[in-house]
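Single-structure report; data block below.
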Amino acid sequence: MKLSPRKLNAFLSFKLPSAYLCGVRAKFIDDVHCKVSVKHRWINQNPFNSMFWAVQGMAAELSTGALVMSKIKASGKPMSMLVATNNASFTKKATGRINFICNDGHKVDAAIKKTIETGEGQTVWMNSIGTNEEGIEVSNFNFEWTIKVRS
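First residue of the sequence shown: 11, per this note's numbering; consecutive thereafter.
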């Protein structure tokens, strides 16, 4: 069973309700890319009338984490995943609809292959770029995911 935007959004509503209530929604996922969208609204704004940084972080993390979840599921092996480190930069006020796109699915393939071969945990850095409706970058997030085979 492959992950789809519909399944990811159902997962959000039950397991991450704060992200769901803030409007974070998966829009597209395949083997390499994942797109997550969130619209600036009253519930997710900061005092400066733009999207709160943590809401952007939830959407960016989902765009990377969904790829990791999808690859783990496809491997057929029981594995754990966890964000070890993250960093972000913000270059413009986030207003309107913000789309976060991660194109790093290929990086996860190599990490999963190595952790299965060696039995040792692996880390992989994944990037998610947030752009507004005009295609202008508003934020850039990096997440270091750890992947380990469960014993």
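Ideal Cβ positions, reconstructed from N, Cα and C, are used throughout, including at glycine.
Note that this is a predicted model, so its numbers are computed, not measured.
So Val65 is in the alpha helix (DSSP H); what residue range does that whole segment cover? The residue given as residue 65 occupies position 55 in the sequence shown. Run containing Val65: Trp63 to Ser85, per the alpha helix (DSSP H) assignment.
What is the DSSP secondary structure of Ala98, counted as helix, strand or coil? Translated into positions along the sequence shown, residue 98 becomes position 88. Ala98 falls in the strand class under three-state DSSP.
If you compare alpha carbons, which of Lys123, Lys81, Val134 and Ser149 is closest to Lys103? Residue mapping note: residue 103 aligns to position 93 of the sequence shown, counting from 1. Here the closest residue by C-alpha is Ser149.
For the ligand ADP, any of its heavy atoms closer than 7 Å to the Cβ of Gly75? As far as ligands go, the structure on display features none, and thus does not contain the ligand ADP.
Whole angstroms is fine: what's the gap from Val134's alpha carbon to Asp40's? Within the sequence shown, residue 134 is the residue found at index 124, counting from 1. Within the sequence shown, residue 40 is the residue found at index 30, counting from 1. Their Cα atoms are separated by approximately 18 Å.
Compute the Euclidean distance between the alpha carbons of Lys123 and Leu92, then round it to the nearest angstrom. By 1-based counting over the sequence shown, the position of residue 123 is 113. By 1-based counting over the sequence shown, the position of residue 92 is 82. If I take the Cα positions, the gap works out to 17 Å.
Using CA coordinates, which residue listed in Cys32, Ala36 and Lys83 is at the minimum distance from Phe62? Within the sequence shown, residue 62 is the residue found at index 52, counting from 1. The option with the nearest alpha carbon to Phe62 is Cys32.
Does Lys83 pass the burial test, meaning 16 or more other C-beta atoms within 10 Å, or should it be called exposed? As a first step, residue 83 must be located in the sequence shown, where it is residue number 73. So Lys83 ends up on the exposed side.
Proximal residues to Met79 (C-beta, below 8 Å), its chain only, five neighbours per side dropped: Against the sequence shown, residue 79 aligns to sequence position 69. Here the set comprises Leu13 and Met91.
Could you spell out the range, first to last residue, of the alpha helix (DSSP H) harbouring Ala121? Here the question's residue 121 lines up with position 111 in the sequence shown. Per DSSP, Ala121 belongs to the alpha helix (DSSP H) from Gly115 to Thr128.
On a Cα-Cα basis, can you pick out the residue from Gly145, His50 and Met89 that is closest to Val65? As a first step, residue 65 is located in the sequence shown; it is residue number 55 there, counting from the start. That would be His50, whose Cα lies nearest to the Cα of Val65.
Measuring only the C-alpha atoms, how far is Met136 from Lys81? Counted from its first residue, the sequence shown places residue 136 at position 126. Counted from its first residue, the sequence shown places residue 81 at position 71. Answer to the nearest angstrom: the Cα atoms are 14 Å apart.
Just checking my contact of Val46 with Ser73 at CB under 8 Å: how many whole Å lie between their CB atoms? Taking the sequence shown and counting its residues from 1, the one referred to as residue 46 is at position 36. Taking the sequence shown and counting its residues from 1, the one referred to as residue 73 is at position 63. The pair is a contact, with the Cβ atoms about 4 Å apart (cut-off 8 Å).
Closest by CA to Ala29, which one among His43, Lys158, Gln132 and Glu71? Within the sequence shown, residue 29 is the residue found at index 19, counting from 1. If we check each option's Cα against that of Ala29, Glu71 comes out closest.
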